[in-house]
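First up is the structure itself, then whatever we jot down about it.
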Amino acid sequence: MTQTRNATLPERAQLLPGVHRLPLPLRDSPLGHVNTYLIRSDDGYLLVDCGWDTVDTLQALEGHLRALDISIGDVRHLVITHIHPDHYGLAGRLRELSKADLSFHRLERLYIESRYANPDELLGEMHEWLQVNGTPQAELDRLNFGSMGIVERVKIAFPDTTLDGGEEITCGKFAFKVIWTPGHSAGHICLYDARHKILLSGDHVLPHITPSVGLHVRAASNPLADYLDSLRLIGRLEAELVMPGHGEPFQGLPERTGELIAHHQRRLEEIRGLLAAQPEVPMSGYEIASRMRWSRRRTWDDLSGFERRMAVTEALAHVELLHARGEVHKECAEGEITYQLPMPQ
Ligand SMILES: [Zn+2]
Ligand SMILES: [Zn+2]
Numbered sequence: 019m020t021q022t023r024n025a026t027l028p029e030r031a032q033l034l035p036g037v038h039r040l041p042l043p044l045r046d047s048p049l050g051h052v053n054t055y056l057i058r059s060d061d062g063y064l065l066v067d068c069g070w071d072t073v074d075t076l077q078a079l080e081g082h083l084r085a086l087d088i089s090i091g092d093v094r095h096l097v098i099t100h101i102h103p104d105h106y107g108l109a110g111r112l113r114e115l116s117k118a119d120l121s122f123h124r125l126e127r128l129y130i131e132s133r134y135a136n137p138d139e140l141l142g143e144m145h146e147w148l149q150v151n152g153t154p155q156a157e158l159d160r161l162n163f164g165s166m167g168i169v170e171r172v173k174i175a176f177p178d179t180t181l182d183g184g185e186e187i188t189c190g191k192f193a194f195k196v197i198w199t200p201g202h203s204a205g206h207i208c209l210y211d212a213r214h215k216i217l218l219s220g221d222h223v224l225p226h227i228t229p230s231v232g233l234h235v236r237a238a239s240n241p242l243a244d245y246l247d248s249l250r251l252i253g254r255l256e257a258e259l260v261m262p263g264h265g266e267p268f269q270g271l272p273e274r275t276g277e278l279i280a281h282h283q284r285r286l287e288e289i290r291g292l293l294a295a296q297p298e299v300p301m302s303g304y305e306i307a308s309r310m311r312w313s314r315r316r317t318w319d320d321l322s323g324f325e326r327r328m329a330v331t332e333a334l335a336h337v338e339l340l341h342a343r344g345e346v347h348k349e350c351a352e353g354e355i356t357y358q359l360p361m362p363q
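The numbering of the sequence shown is this note's numbering, which starts it at 19 and goes up by one.
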């Protein structure tokens with residue numbers, strides 16, 4: 019994810035009658051905050067996404083609710099767009115405090131155990147996989163353990179209702195269609211109310227930053243192909259207001275999805291260019307990532323272990339899409355996967 023620093027927390031705001039945006043702080047994160055959306059229902063309130071499990075995030079949520087004269091017990095429903103810690107981490111604690119029922123996509127449920135409950139096996143797999151994709155021995159631990167601290171900001175909760183996409187969630191005067199939008203995460207969902215022309219977009223479409231799309235060691239599909247398809251799907255909706263997981267609500271959904279698609283096309287071009295510059299030399303995912311541009315101001319040497327891992331998984335998502343399209347040749351030999359443009363006959 020190309021990130022921008024957002025030092026001040028945005029204001030709580032009523033976006034339309036019955037819908038509030040409650041920004042919550044994400045301490046130490048360049049993202050600055052995550053948006054949770056509060057929607058009035060017939061029996062209380064629905065929250066969409068909830069921040070991670072730290073004292074300051076919970077206090078900020080309680081402060082927002084108090085200012086609106088709502089108690090945490092009035093939250094009856096909790097829908098999570100995807101289980102990244104900044105959207106899901108507080109879900110377990112909120113459910114204890116509020117008894118809200120919890121819903122998210124079936125595929126996100128699959129990853130809870132391996133990512134948060136018992137991460138050692140996945141870490142071992144990831145270590146081997148980073149190595150197979152060309153990560154130098156000396157860097158393996160740095161890349162692999164870069165995100166472990168974040169696991170402590172998740173209090174696990176399993177869903178009461180698993181979603182598949184296509185359901186309608188009725189909430190007071192709103193009726194949200196659940197739209198499965200894989201890519202940024204395998205089971206990411208967006209919520210769309212066609213009558214009010216509003217879209218809750220989670221991390222699928224963000225106003226200023228490019229959501230990360232990386233190949234996961236346990237990916238069951240090609241995430242960038244999924245992401246681009248999901249962007250086209252969402253870009254056709256007649257949403258007049260988009261409520262993203264980070265940043266300000268915005269208008270102009272088709273323009274934004276178009277920009278994100280163009281961004282990935284430029285990244286695919288960049289990789290083709292890197293491979294074309296050395297057509298005789300096969301390159302690993304790590305080598306491709308280390309030669310790509312990640313920021314205007316920072317070089318590969320400036321990136322943290324976690325950022326490098328994200329970069330490697332993002333480079334792999336792009337080069338795997340080129341491979342799936344038949345534009346790049348892939349080989350696995352002597353324990354290393356490499357990519358190369360097809361040699362002219
Ligand atoms: Zn996310
Ligand atoms: Zn996020």
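All C-beta atoms in this analysis are idealised placements derived from N, C-alpha and C, irrespective of residue type, glycine included.
Query raised in the report: Taking 8 angstroms as the cut-off, does the CB of H336 come closer than this to any heavy atom belonging to ligand 2?
Result: Taken from the Cβ of H336, every heavy atom of ligand 2 lies 8 angstroms or farther away.
Query raised in the report: Taking DSSP as the reference, what is the three-state secondary structure of D319?
Result: Correct three-state label for D319: helix.
Report task. Just jot down, in chain order, the residues whose CB lies closer than 5 angstroms to any heavy atom of ligand 2. Result -> Of all residues, those with a beta-carbon under 5 angstroms from at least one heavy atom of ligand 2 are D104, D221, G263, reported in chain order.
Query - Cβ-heavy atom distance, H100 to ligand 1, below 8 angstroms - result: Flag set: Cβ of H100 near ligand 1.
Query raised in the report: Taking C-alpha atoms, which residue in L255, C189, I130, T99 lies nearest to T275?
Result: Of the candidates L255, C189, I130, T99, the one whose C-alpha sits nearest the C-alpha of T275 is L255.
Report task. Can you tell me which of R127, R39, L128 puts its alpha carbon nearest to the alpha carbon of P267? Result -> Taking the Cα of P267 as reference, the smallest distance to any Cα among R127, R39, L128 is reached at R39.
Query raised in the report: How is L120 classed by DSSP in three states: helix, strand or coil?
Result: L120 falls in the strand class under three-state DSSP.
Query - H234 Cβ short of 8 angstroms to ligand 1 heavy atom set - result: Checking every heavy atom of ligand 1 against the Cβ of H234, none is found closer than 8 angstroms.
Query raised in the report: Considering only C-alpha positions, which residue in the set P137, C189, P154 is nearest to V172?
Result: Nearest option by C-alpha distance: P137.
Query - Residue environment, V73, which counts as buried when at least 16 other CB atoms sit within 10 Å - result: Exposed is the label assigned to V73, since fewer than 16 other Cβ atoms lie within 10 Å of its Cβ.
Requested in this report: Leaving out five residues on either side along the sequence, give the residues of the same chain with a beta carbon under 7 angstroms from the beta carbon of P229.
Outcome: Leaving aside the five residues that flank P229 on each side, the residues in its chain whose CB is nearer than 7 angstroms to its CB run, in chain order, M19, H202, D221, H222.
**Report entry** Residues sharing a beta bridge with S59, DSSP
**Finding:** Bridge pairing for S59: G62 [DSSP].
Query raised in the report: Apart from the five residues just before and just after H281, which ones in its own chain have a Cβ nearer than 7 angstroms to its Cβ?
Result: Annotation for H281: T228 place their beta carbon closer than 7 angstroms to its own, counting only its chain and skipping 5 residues before and after.
Query raised in the report: What are the start and end residues of each continuous beta strand (DSSP E) run of 3 or more residues lying completely inside the segment 222-299, in chain order?
Result: Within the segment 222-299, the runs of beta strand (DSSP E) at least 3 residues long that lie entirely inside it are, in chain order, 259-262.
Query raised in the report: At what residue ranges does the segment 39-113 contain a whole run of the beta strand (DSSP E), taking only runs of 3 or more?
Result: Whole beta strand (DSSP E) segments, 3+ residues: 51-59, 62-66, 93-97.
Query raised in the report: Which partner residues of K348 appear in the DSSP bridge assignment?
Result: According to DSSP, which records beta bridges pairwise, K348 is partnered with Y357.
Report task. Tell me whether H347 counts as near ligand 1, meaning its Cβ is closer than 8 angstroms to at least one heavy atom of that ligand. Result -> Distances between the C-beta of H347 and the heavy atoms of ligand 1 are all 8 angstroms or more.
Query - Residue environment, E277, which counts as buried when at least 16 other CB atoms sit within 10 Å - result: Counting the other Cβ atoms within 10 Å of the Cβ of E277 gives fewer than 16, which makes it exposed.
Query raised in the report: In three-state terms, what does DSSP make of P176?
Result: Sequence inspection shows Phe at residue 176; the Pro mentioned does not correspond to that position. Of the three classes helix, strand and coil, the one that applies to F176 here is coil, per DSSP.
Query raised in the report: If we ignore side chains and look at the alpha-carbon of each, how far apart do P362 and I174 end up?
Result: Spanning the two alpha carbons is a distance of roughly 52 angstroms.
Query - Length of the line joining the Cα atoms of L112 and Q296 - result: Their backbone Cα atoms lie some 53 angstroms apart in a straight line.
Query raised in the report: Should H51 be counted as a contact of ligand 1 given a C-beta to heavy atom distance under 8 angstroms?
Result: H51 has its Cβ no nearer than 8 angstroms to any heavy atom of ligand 1.
Report task. Can you give me the Cβ contacts of S302 inside the same chain, cut-off strictly under 7 angstroms, excluding the 5 residues immediately before and after it? Result -> Excluding positions up to five away in sequence, the list reads N151, G152, E354, I355, T356.
Requested in this report: Whole angstroms is fine: what's the gap from A335's alpha carbon to D319's?
Outcome: The alpha-carbon atoms of A335 and D319 are separated by roughly 22 angstroms.
Query raised in the report: Between which two residues does the alpha helix (DSSP H) containing G303 stretch?
Result: Counting along the chain, G303 sits inside the alpha helix (DSSP H) bounded by residues 303-309.
Query raised in the report: With a CB to CB cut of under 8 angstroms and the five nearest residues on each side skipped, what residues in its chain are close to G36?
Result: Beyond the five residues adjoining it in sequence on each side, G36 comes within less than 8 angstroms, by CB distance, of I57, R58, G190, K191, F192 in the same chain, given in chain order.
**Report entry** Three-state secondary structure (DSSP) of E186
**Finding:** DSSP places E186 in strand when its eight states are reduced to three.
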